[in-house]
């Protein structure tokens, strides 16, 4: 939202309207502003207002003329309660023909880094509607240290990377699996970078609650990540050996079950590929089944040449493990 307030701190007035998330562009003289706004069920619109909040002109609407001709899976903001008083924000998209008497697979998309929440009341586009049409529930969840609960929440992660994120993602998984409309054998978690780390933790530390994982460029031990980031949150390995041990995927390899797919670029200069190599070494030594895709020449992202393959592989993984049916040919072109 956008507000005006006097120099004395009084006369606070909301200038935006409705239940939307707004991006504001102010005129140089401060007399007008443009709000670009949306929510989970409303595509982006753009409106010109004066500095009192009065609408001058509706400028644009990204919704196409034939928008109403299509059927969309319902998307809504929800909260998931924890056992210690937090209400975790989440955005969920249901299948197009959602029927509470049926059971659906779930894809949980996460990032998970400190003060880096991804759940917002904004329009998500229509790309996820393919999976809605195929009968997949899609959900994104933010944990207590995502920034949604302020500095108090973020501070919990100091010396504890992995702990509170996993507690909250596990809570979300159990909340989902308790629903009669969720297939409790088909919960997939996916993320990249820190989200890849969380995905690997979910299939090891949290393996009793997650069935599939699709992890991109995961950190697997904070001793392998850059000191500027790792030591800011964890202190040094010498100062916090238990924190580093408890926050490492490698610690929980013996608990691994389900099916994990790992992707990594062999030239990743952010999360070095040694993170994945050390994890797969331990998985192999423990005789655990997993899947691996190395992208030669790729860095922390897989680039335009490898991206189509990465997309096709994800599609195949979802169809094979969540939907148990062949992939439509048009998706692999």
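In the working numbering, the protein residues as written are 1028 to 1360.
All C-beta atoms in this analysis are idealised placements derived from N, C-alpha and C, irrespective of residue type, glycine included.
Within 8 Å, strictly: CB atoms of residue 1285 and residue 1234: Position 258 of the chain shown holds residue 1285. Position 207 of the chain shown holds residue 1234. Yes, Cβ-Cβ distance for residue 1285 and residue 1234 is below 8 Å.
Host alpha helix (DSSP H) of residue 1195 (start-end): Mapped onto the chain shown, residue 1195 falls at position 168. If you look at residue 1195, you'll find it in the alpha helix (DSSP H) that goes 1190-1204.
Residue 1070, DSSP secondary structure in three states: The residue labelled residue 1070 in the question sits at position 43 within the chain shown. Correct three-state label for residue 1070: strand.
Backbone secondary structure at residue 1029 - three-state DSSP: Translated into positions along the chain shown, residue 1029 becomes position 2. When DSSP states are grouped into helix, strand and coil, residue 1029 belongs to the coil group.
Validate contact between the stretch 1155-1163 and the stretch 1115-1125 using beta carbons, cut 8 Å, 3 pairs: Because the criterion of three Cβ pairs below 8 Å is met, the stretch 1155-1163 and the stretch 1115-1125 touch.
7 Å CB neighbourhood of residue 1151 in its chain, flanking five on each side removed: Along the chain shown, read from residue 1 onward, the residue named residue 1151 stands at position 124. 1067 and 1102.
Separation of residue 1215 from residue 1346, as counted between CA atoms: Taking the chain shown and counting its residues from 1, the one referred to as residue 1346 is at position 319. Taking the chain shown and counting its residues from 1, the one referred to as residue 1215 is at position 188. Near 12 Å, if we compare the C-alpha coordinates of residue 1215 and residue 1346.
Contact between the stretch 1055-1066 and the stretch 1036-1047 (3+ Cβ pairs under 8 Å): Enough Cβ pairs lie closer than 8 Å, so yes.
Buried versus exposed, by CB contacts within 10 Å (16 or more), residue 1192: In the chain shown, counting from the first residue as 1, residue 1192 sits at position 165. Around the beta-carbon of residue 1192, 16 or more other beta-carbon atoms lie within 10 Å, marking it buried.
Beta-carbon spacing of residue 1164, residue 1222 below 8 Å: Within the chain shown, residue 1164 is the residue found at index 137, counting from 1. Within the chain shown, residue 1222 is the residue found at index 195, counting from 1. Contact flag unset, no.
contact_flag[the stretch 1223-1243, the stretch 1286-1302] where n(CB pairs < 8 Å) is 3 or more: Between the stretch 1223-1243 and the stretch 1286-1302, the count of C-beta pairs closer than 8 Å reaches three or more; the two stretches touch.
Pair within 8 Å by beta-carbon distance, residue 1354 and residue 1341: Your numbering for residue 1354 matches position 327 in the chain shown. Your numbering for residue 1341 matches position 314 in the chain shown. Not closer than 8 Å, so no.
Cβ contact check for the stretch 1176-1196 and the stretch 1246-1264: 3 or more pairs under 8 Å: Flag = yes, the stretch 1176-1196 and the stretch 1246-1264 touch.
Where residue 1115 falls, given that 16 or more other Cβ within 10 Å makes a residue buried: Position 88 of the chain shown, counted from the start, is the residue given in the question as residue 1115. With 16 or more other CB atoms across the displayed protein chains lying within 10 angstroms of its CB, residue 1115 is buried.
Of the residues 1334, 1030 and 1230, the one placed nearest residue 1306, counting alpha carbons only: If you number the chain shown from 1, residue 1306 lands on position 279. Closest option to residue 1306, Cα to Cα, is 1230.
Nearest-angstrom Cβ-Cβ length linking residue 1143 and residue 1177, presumed shorter than 8 Å: As a first step, residue 1143 must be located in the chain shown, where it is residue number 116. As a first step, residue 1177 must be located in the chain shown, where it is residue number 150. The Cβ separation is near 14 Å, so there is no contact.
Buried versus exposed, by CB contacts within 10 Å (16 or more), residue 1189: Here residue 1189 refers to the residue found at position 162 of the chain shown. With 16 or more Cβ atoms within 10 Å of its Cβ, residue 1189 is classed as buried.
For residue 1082, the residue or residues it bridges with in DSSP: Translated into the one-based positions of the chain shown, residue 1082 becomes position 55. Residue 1082 is bridged by DSSP to 1076.
Residue environment, residue 1169, which counts as buried when at least 16 other CB atoms sit within 10 Å: For the purposes of this step, residue 1169 is identified with residue 142 of the chain shown, where counting begins at 1. By the 10 Å Cβ count, residue 1169 comes out buried.
For residue 1254, the nearest candidate out of 1276, 1105, 1298 and 1220 (CA to CA): Along the chain shown, one-based indexing puts residue 1254 at 227. The closest CA to that of residue 1254, considering only 1276, 1105, 1298 and 1220, is found on 1298.
Residue of 1314, 1256, 1350 and 1127 minimising C-alpha distance to residue 1140: Position 113 of the chain shown, counting from 1, holds the residue named residue 1140. Comparing Cα positions, the closest option is 1256.
With 16 other Cβ atoms within 10 Å as the buried cut-off, status of residue 1331: As a first step, residue 1331 must be located in the chain shown, where it is residue number 304. So residue 1331 ends up on the exposed side.
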